[in-house]
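Read the structure below first, then the notes.
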Amino acid sequence: MGLGHDLQSVAELEATRALLEPDVFFTAAELERFAHARSPVESMAAGFSAKEALFKALPRIDTWFWTDAELLHDARHAPRFHFHGALAEHLTREGWQVSVSLSHSGGFVSTVVVVMHVPRS
0 MGLGHDLQSV
10 AELEATRALL
20 EPDVFFTAAE
30 LERFAHARSP
40 VESMAAGFSA
50 KEALFKALPR
60 IDTWFWTDAE
70 LLHDARHAPR
80 FHFHGALAEH
90 LTREGWQVSV
100 SLSHSGGFVS
110 TVVVVMHVPR
120 S
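Using numbering that gives the first Met the number 0, you'd call the opening residue of the sequence shown number 0 and step up by one each time.
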């Protein structure tokens, strides 16, 4: 099992233009969703915080990219990850399941990610 936490200041990320480069930290689809969100900078901070917490929860994996983990929301607006590339292959091979929780308050985003092994049937 792995547990990762990240606390991100929305104001600090607002000044970080490097996060807006496509296919570096975020997929083009994520950047598009952030741009159309009610609070684009807060949404980007949540996405960055979620990925930071994820990679703190995982054991060291040298072949992943930030864009291999895409933050989405389900019909109830609950956050979830969709994985791509080497990270998706690794998680599937190891039988790991990832859960994510986000909270926004007072100009900060807090994220907790839990990675658990799912027994194979």
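Ideal Cβ placement from N, Cα and C applies to all residues, glycine included.
- DSSP places Val-112 outside any alpha helix (DSSP H); the residue lies instead in the beta strand (DSSP E), whose first and last residues are 107-116.
- Counting C-beta pairs with one atom in each stretch, the segment 38-56 and the segment 1-13 have three or more that are closer than 8 Å, which means they touch.
- Our two residues, Gly-84 and Gly-105, have alpha carbons roughly 35 Å apart in a direct line.
- The alpha-carbon separation between Ala-87 and Pro-21 amounts to approximately 20 Å.
- Val-108 sits buried, since 16 or more C-beta atoms from the chains shown fall within 10 Å of its C-beta.
- With 16 or more other CB atoms across the displayed protein chains lying within 10 angstroms of its CB, Met-43 is buried.
- In this structure, the straight-line span from the alpha carbon of Trp-95 to that of His-35 is close to 32 Å.
- Distance from the CA of His-81 to the CA of Ser-102, rounded to the nearest whole angstrom, comes to 19 Å.
- Ser-38 sits exposed, since fewer than 16 C-beta atoms from the chains shown fall within 10 Å of its C-beta.
- Excluding sequence positions up to five before and after Trp-65, its CB lies within less than 8 Å of the CB of Val-23, Phe-24, Phe-25 and Lys-50, all in the same chain and listed in chain order.
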